[in-house]
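Residue numbers (this note's numbering): 5 to 240.
Cβ coordinates follow ideal geometry from the N, Cα and C atoms, glycine included.
Note that the coordinates shown come from a computational prediction; the quantities given were computed from them, not determined experimentally.
Before any comments, here is the structure.
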């Protein structure tokens, strides 16, 4: 009886350690590819407007009189130079709807391989296959992405979407508050091949229009870092 109990405890602890290792790996990968993903899905800011020649502003002198001065070259104060991007707090398993997208919309290069929805294959340009396995043990192992390590960016400010109105109200909130919000993004968990040197994930982006855009990113381990090697777009 005692031996059986020890074995059970060992299996539970081993499973817990395995789960933590997977989550730690995904966090490491996310830190490698986060900004590269943004480069590929976030449009660049619009160019600054050309200065208006001869722009004058009215000022009040100490003696109470008013005068006008050319302020064309003076910087216009801004509330913030950073553009706000909201990130859905939890990194979750790929949903059944997203599985359907993979199977039906991306079937040129990313196909269902066998065993229902659990295995896909990806054919690279030289036609070799990479098989991705959906680990059923990880389905409920969601985690919260840490945004602190990304907020050193000079271009963007990142925050959790849970701090703001829900998605169906957030763009109205943007207008009412004159916010710099430009996108809401959701990341899926990563599905790996058996050797865990390839993987793919899905990002869902909303820019404020009616349609969300989903992008599948194929990623690869390159020495000690992960890089993006391919992507596929789909409009929901």
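Which partner residues of residue 237 appear in the DSSP bridge assignment? Residue numbering aside, residue 237 sits at position 233 when the chain shown is read from its first letter. For residue 237, which the question treats as bridged, DSSP gives the partners 219.
Which same chain residues, not among the five before or five after residue 45, have their C-beta less than 7 Å away from its C-beta? Counting from one through the chain shown, the residue named residue 45 turns up at place 41. Setting aside the 5 residues that flank it on each side, residue 45 is surrounded in the same chain by 207, 209 and 219, each with a C-beta closer than 7 Å to its C-beta; the list follows chain order.
Mind checking residue 185: buried by the 16 CB within 10 Å criterion, or exposed? Walking along the chain shown from the start, residue 185 turns up at place 181. Burial call: buried.
With which residues is residue 230 paired in a DSSP beta bridge? Here the question's residue 230 lines up with position 226 in the chain shown. Note: residue 230 sits in a beta bridge opposite 225.
Whole angstroms is fine: what's the gap from residue 99's alpha carbon to residue 25's? As a working note, residue 99 is residue 95 in the chain shown. As a working note, residue 25 is residue 21 in the chain shown. Each residue's Cα considered, the two are about 22 Å apart.
Straight-line CA distance for residue 97 to residue 192? As a working mapping, residue 97 is identified with position 93 in the chain shown. As a working mapping, residue 192 is identified with position 188 in the chain shown. C-alpha separation (whole angstroms): 6 Å.
Under three-state DSSP, which class holds residue 152? Indexing the chain shown from 1 puts residue 152 at position 148. Residue 152 carries a helical assignment under DSSP once its states are collapsed to helix, strand and coil.
Report yes if the CB atom of residue 41 is closer than 8 Å to the CB atom of residue 194, and no otherwise. Along the chain shown, one-based indexing puts residue 41 at 37. Along the chain shown, one-based indexing puts residue 194 at 190. Contact flag unset, no.
Indicate whether residue 86 and residue 161 have their beta-carbon atoms separated by less than 8 Å. Counting from 1 along the chain shown, the entry for residue 86 is found at position 82. Counting from 1 along the chain shown, the entry for residue 161 is found at position 157. Residue 161 sits close to residue 86, with the two beta carbons spaced by under 8 Å.
Excluding the five sequence neighbours on either side, which residues of its own chain have a C-beta within less than 6 Å of the C-beta of residue 202, listed in chain order? Locating residue 202 in the chain shown gives position 198, counting from the first residue. Around residue 202: 134 and 224.
Judging by CA-CA distance, which residue of 235, 232, 196 and 156 is the nearest neighbour of residue 27? Against the chain shown, residue 27 aligns to sequence position 23. Closest option to residue 27, judged by alpha-carbon separation, among 235, 232, 196 and 156: 196.
Does the Cβ-Cβ distance between residue 204 and residue 136 come in under 8 Å? For the purposes of this step, residue 204 is taken as residue 200 along the chain shown, with counting starting at 1. For the purposes of this step, residue 136 is taken as residue 132 along the chain shown, with counting starting at 1. Yes.
Keeping to the same chain, check which residues put their C-beta closer than 8 Å to that of residue 198; ignore five residues upstream and five downstream. Locating residue 198 in the chain shown gives position 194, where the first residue counts as 1. These residues qualify, in order along the chain: 135 and 137.
Is DSSP giving residue 45 helix, strand or coil here? Here residue 45 refers to the residue found at position 41 when the chain shown is read from its first residue. The DSSP-derived three-state label of residue 45 is helix.
At the level of alpha carbons, what is the spacing between residue 190 and residue 217? Your numbering for residue 190 matches position 186 in the chain shown. Your numbering for residue 217 matches position 213 in the chain shown. Residue 190 and residue 217: Cα-Cα distance of roughly 10 Å.
Taking the beta carbon of residue 89 as the centre, do at least 16 other beta carbons fall within 10 Å, making it buried, or is it exposed? Residue 89 sits at position 85 when you count from the first residue of the chain shown. Burial call: buried.
Output yes or no for whether 8 Å exceeds the beta carbon distance between residue 149 and residue 232. As a working mapping, residue 149 is identified with position 145 in the chain shown. As a working mapping, residue 232 is identified with position 228 in the chain shown. Inclusion of residue 149 and residue 232 in the CB contact set at 8 Å is not warranted, their separation being larger than that value.
Presumed contact (8 Å Cβ cut-off) between residue 171 and residue 188, rounded CB distance: In the chain shown, residue 171 corresponds to position 167, counting from 1. In the chain shown, residue 188 corresponds to position 184, counting from 1. Approximately 6 Å separates the beta-carbon atoms of residue 171 and residue 188; this is inside 8 Å, confirming the contact.
Can you tell me whether residue 194 is helix, strand or coil according to DSSP? In the chain shown, residue 194 corresponds to position 190, counting from 1. Residue 194 carries a coil assignment under DSSP once its states are collapsed to helix, strand and coil.
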